[in-house]
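Per this note's numbering, residue 3 is the first one in the sequence shown, and the count goes up by one each step.
Worksheet: the structure to be examined is printed underneath.
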Amino acid sequence: MNALLKPENFKPNYSLVKREVSKIHDQFSIEDPPVNPAEIAEGLGIDVCFVEFTGEHSKISGFYDPEDNTIYVNKHEFPLRQTFTIAHELGHAVLHREWARGDGYRVLMRDDTTDLGEPHEKEANAFAAHLLVPRAMLDVYHPGLSEQDLSRLFAVSVPMIKNRMSFEYGL
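The following block contains the structure:
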């Protein structure tokens, strides 16, 4: 394996993430919230299937399968969690299709903290955040709305709004 491709040498490329999200916003003429990642996935030829995970797999929020180009989402998750999951897995599809075909990609359980530092996961989280709550839209709405109102407007959780506000404005 090329030394530059080893996980310990891979660093998240957030400028690539922002460029790819910007291309998607432009391609789908997204200018106002909320952003629907399922529609985007379908528009990119990626299927989204809501399925039931049982037993020990019930803690899976979702995953991307590059072989059948499908995002599988736990149908028992809260809708806002499903939205983030689709956006996150869409990030893997757009940014990491080849990596997802390899041994390095694995399905994580919800709230699994073991791979929070994994660069591909960081990129997919950033992709989801920028896709669902882009800075330009946040700039328009955040001054006059509460976190709860922003959550409803963007169709994401309040913790997601707090994360975006902190990242973008240091609040």
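Even glycine gets a Cβ: it sits at the ideal position worked out from N, Cα and C.
Here Thr72 is bridged, per DSSP, to Asp49, Asp67. For Pro14 and Ala126, the gap between their C-alpha atoms comes out near 9 Å. Counting other Cβ atoms within 10 Å of its Cβ, His94 reaches 16 or more and is therefore classed as buried. Contact check between the stretch 83 to 102 and the stretch 35 to 50: three or more CB pairs, one atom from each, fall below 8 Å, which counts as touching. Counting the other Cβ atoms within 10 Å of the Cβ of His59 gives fewer than 16, which makes it exposed. DSSP, read as helix, strand or coil, puts Val142 in helix.
The Cβ neighbour count for Tyr171, taken over all protein chains shown within 10 Å, is under 16; the residue is labelled exposed.
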